[in-house]
Each structure stands twice: as structure tokens, then as C-alpha cells.
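Contents: one structure, followed by commentary.
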Amino acid sequence: MNTTYRTFACIICCCALLTACGNSPPHNYYLLSATPAQAARGDTPTLGVGPVAVPEYLARENLVHNRDGNTLRVSDSDYWAEPLAHGMARVMALNLAALLDTQGVRLYPWHSGRAPDYGFRMTVLSMDADATQASLVAEWLLYRPADNSVVARRMEQLRQPLQDNSAAAIAAAYSELLLQLSRTVAADIRADSGD
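Residue numbers for the sequence shown follow our numbering, so the first one is 1037 and each next one is one higher.
Encoded structure:
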């Protein structure tokens, strides 16, 4: 009788485990996206983008957002399709290439013997979404790699309304925040280069 009970208990446990595995939510993957652009016509100015640093709480595969200032929500089913810092650098590079109409944009690290005209690096201090909006707080630096002279250094605090609370809407809002930042950086490059 004891053997029958153990066999029955083992079968129940196996069924429970299989049922739990079968009910896990599907994984959804999201990318930050750049503004659609036509093919760039020029190759100047040249621009190096990166590195981009993100806080540890954002440097994970799962989408993370801060709902009330002190509580993080880590999604069980929504993931970034690439490391967030890499995605942010990629989107900034694509946005800036489109806004400056140049093919001369490269991601960090670049060859020290062929330094770009401008370098851009960014430290994200926070990137969050609540029920109504997404926000980005970042410190960034635009400089000339040839002599390390500073062109612009700023702390940006940007906000973008959310269409809804979905992960897709949050990723779209984060992409729009990066476009807003890209416009500011492009304007500083144009002002400095005389374009």
C-alpha cells in the first residue's frame, strides 16, 4: 500500500509540474526603433556614438519600469531583443545619421587612428514608465575626439505620453524619447559645424 501511495503521489507531482510548464505566458521581444530615414547623401560630419551606460536595474533582459517611484515592475513575459544599452546606442546612431544626413556614423569603439569629427556618449540616470507617460533622464556629452574638447554637455529630462500601458507602447515611447534627444544633439552638431 505504501508503494501505491508513493507512485500515486509521484504521478500527481509530475502532472502538476507539466501543467505549470504548459501555462507559462509566451515571451514577447521588443526593440527600440529609430526614425525612418532616407539614404544619407553625405559622409560629413563623422560621428562616433557610445558608449551608452544604463543603471543596473535597467541592464537586464526583462522590461523594467518604475510604477510609483519606489517599486519596480519586472515583466515575466516582455523582454528586450538586445541589451538595452546597445539598443539605445544603435537607435541614437541611426537617428543622428538621418537627422544629419550623413553616412559617417559609427558605434563605439572606433579606430583611434580614424577618430570621428564628433563623439557622443551618454549615461542614462533613469528611464521609466508610469500609467500615463514615459520619462528619460540622461547626462550626455558631445565632444571632439581629436582633442577631447567639449562641444556640449547636458542633463536632459524628457517625457513622452503613453498610448496605453502595454510593453509595445512603452518601447515606442522610449524610442520617441531617444528621437527627442537625437534632435537636440543634431542641433548642437549643426550649430558647432556651421551647417
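For glycine and all other residues, C-beta sits at the position ideal for the given N, C-alpha and C. None of these values were measured; they are calculated from a predicted model.
Within 9 Å, strictly: CB atoms of residue i and residue j
{"i": "Q1216", "j": "P1197", "result": "no"}
{"i": "N1102", "j": "A1165", "result": "yes"}
{"i": "V1127", "j": "S1218", "result": "yes"}
{"i": "P1087", "j": "A1125", "result": "yes"}
{"i": "L1194", "j": "L1172", "result": "yes"}
{"i": "T1159", "j": "R1190", "result": "no"}
{"i": "D1213", "j": "M1163", "result": "Before going further, note that residue 1213 is Leu rather than Asp in the sequence given. For L1213 and M1163, yes; Cβs fall inside 9 Å."}
{"i": "M1222", "j": "L1136", "result": "Note that residue 1222 is Ala in the sequence shown, not Met. Yes, these two residues count as a Cβ contact at 9 Å."}
{"i": "P1072", "j": "L1161", "result": "no"}
Same chain, Cβ closer than 7 Å to residue i, neighbours up to 5 away in sequence not counted
{"i": "P1181", "result": "G1084, A1151, P1152, G1155"}
{"i": "E1097", "result": "Y1115, W1116"}
{"i": "H1063", "result": "S1113, Y1115"}
{"i": "S1185", "result": "Y1179"}
{"i": "Y1093", "result": "V1100, L1108"}
{"i": "L1110", "result": "Per the sequence shown, residue 1110 should be read as Val rather than Leu. Around V1110: N1098, V1100."}
{"i": "A1209", "result": "A1165, A1170, Q1196, L1198"}
{"i": "S1229", "result": "P1081"}
Cβ separation of residue i and residue j, assumed to be a contact under 8 Å, to the nearest whole Å
{"i": "D1224", "j": "A1174", "result": "Contact flag wrong, Cβ pair sits at about 14 Å."}
{"i": "D1114", "j": "L1099", "result": "4 Å"}
{"i": "A1207", "j": "Q1199", "result": "Rounded, the Cβ-Cβ distance is 11 Å, inconsistent with contact."}
{"i": "L1177", "j": "R1157", "result": "5 Å"}
Chain-order list of residues whose beta-carbon lies under 8 Å from that of residue i (same chain, five-residue window excluded)
{"i": "T1082", "result": "T1138, G1140, V1141, R1142, P1152, D1153, Y1154"}
{"i": "P1061", "result": "D1112, S1113"}
{"i": "A1095", "result": "P1119, L1120, A1121"}
{"i": "D1104", "result": "D1166"}
Contact set for residue i: own chain, Cβ-Cβ below 6 Å, skip 5 residues either direction
{"i": "P1145", "result": "none"}
{"i": "A1089", "result": "T1159"}
{"i": "R1077", "result": "D1137"}
{"i": "G1123", "result": "L1068"}
| task | Pair every Cβ in the stretch 1064-1073 with every Cβ in the stretch 1101-1120, then say whether three or more of these pairs are closer than 8 Å. | result | Output reads yes: the stretch 1101-1120 touches the stretch 1064-1073.
| Ordered list of beta strand (DSSP E) runs contained in the stretch 1065-1094, each at least 3 residues | 1083-1089
| task | For the stretch 1135-1199, list the alpha helix (DSSP H) runs that are entirely contained and at least 4 residues long, ordered along the chain. | result | none
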